[in-house]
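Participant:
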Amino acid sequence: MESNGFEKVCKLSDLREKEGKRYWIDDVDVAVYKVDGEVFAFSNVCPHQHAPVMYNGFIEEGCIVCPNHGWMFDLKTGSLKATHSGLDKYDVKIEGDDVLVKVKKKKDLNW
Numbered sequence: 019m020e021s022n023g024f025e026k027v028c029k030l031s032d033l034r035e036k037e038g039k040r041y042w043i044d045d046v047d048v049a050v051y052k053v054d055g056e057v058f059a060f061s062n063v064c065p066h067q068h069a070p071v072m073y074n075g076f077i078e079e080g081c082i083v084c085p086n087h088g089w090m091f092d093l094k095t096g097s098l099k100a101t102h103s104g105l106d107k108y109d110v111k112i113e114g115d116d117v118l119v120k121v122k123k124k125k126d127l128n129w
């Protein structure tokens with residue numbers, strides 16, 4: 019089901035606190051986390067070596083931490099806590115128990 023560009027990825031009840039889950043929306047690889055009851059969605063691909071691992075990261079100091087290289091990305095913005103590029107951050111909407119995510123399609127991304 020699609021609503022204003024948002025697409026359902028899972029139920030809110032499917033998400034465990036501070037544990038990432040991996041989903042695909044069309045051809046976009048997405049990592050979804052629930053932290054302190056709030057849901058966040060990001061590109062699942064770390065910009066360092068383009069590794070599809072962010073769903074397997076962990077939460078520390080308000081950041082999602084890449085499990086491969088330790089790069090830290092701000093949960094609120096997706097920005098890297100350094101001078102490198104950050105993760106694409108996606109809008110999330112909750113409708114009842116449904117988690118919907120709005121992504122930029124790969125054809126619209128610039129990398």
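Just so you know, we're using this note's numbering here: the sequence shown kicks off at 19 and counts up by one.
Just so you know, even glycine gets a beta-carbon here, dropped at the ideal spot from N, CA and C.
(1) Can you check whether the CB of residue 108 is closer than 7 angstroms to the CB of residue 117?
(2) Counting Cβ pairs, one atom from each stretch, are 3 or more of them under 8 angstroms apart for the stretch 24-32 and the stretch 65-72?
(3) According to DSSP, is residue 109 helix, strand or coil?
(4) Return the CA-CA distance between residue 93 and residue 43, expressed in angstroms with no decimal places.
(5) When you compare only the Cα positions, how much space is there between residue 147 and residue 104?
(6) Just the C-alpha distance for residue 115 and residue 87, rounded to the nearest angstrom, thanks.
(7) For residue 36, count neighbouring C-beta atoms within 10 Å of its own C-beta (all shown protein chains included) and say buried if the count is 16 or more, exposed if not.
(8) Pull up the distance between the alpha-carbon of residue 123 and that of residue 46, whole angstroms please.
(9) In whole angstroms, give me the CA-to-CA distance for residue 38 and residue 81.
(10) Quick check: the Cα distance between residue 85 and residue 22, rounded to an integer number of angstroms?
Facilitator: According to the data block:
(1) Position 99 of the sequence shown, counting from 1, holds the residue named residue 117. Position 90 of the sequence shown, counting from 1, holds the residue named residue 108. Remark: C-beta atoms of residue 117 and residue 108 do not approach each other more closely than 7 angstroms.
(2) No: fewer than three Cβ pairs fall under 8 angstroms.
(3) Numbered from its first residue, the sequence shown carries residue 109 at position 91. Strand.
(4) By 1-based counting over the sequence shown, the position of residue 93 is 75. By 1-based counting over the sequence shown, the position of residue 43 is 25. The alpha-carbon atoms of residue 93 and residue 43 are separated by roughly 20 angstroms.
(5) One cannot answer for residue 147 here, as it falls past the ends of the chain, which runs 19 to 129.
(6) For the purposes of this step, residue 115 is taken as the residue at position 97 of the sequence shown. For the purposes of this step, residue 87 is taken as the residue at position 69 of the sequence shown. Rounded to the nearest whole angstrom, the C-alpha separation of residue 115 and residue 87 is 34 angstroms.
(7) Mapped onto the sequence shown, residue 36 falls at position 18. The residue in question, residue 36, is exposed, as its Cβ has fewer than 16 Cβ neighbours within 10 Å.
(8) The residue given as residue 123 occupies position 105 in the sequence shown. The residue given as residue 46 occupies position 28 in the sequence shown. If you draw a straight line from the Cα of residue 123 to the Cα of residue 46, it comes to about 6 angstroms.
(9) Here residue 38 is taken as the residue at index 20 of the sequence shown, counted from 1. Here residue 81 is taken as the residue at index 63 of the sequence shown, counted from 1. Near 12 angstroms, if we compare the C-alpha coordinates of residue 81 and residue 38.
(10) Counted from its first residue, the sequence shown places residue 85 at position 67. Counted from its first residue, the sequence shown places residue 22 at position 4. Approximately 33 angstroms, taken between the alpha carbons.
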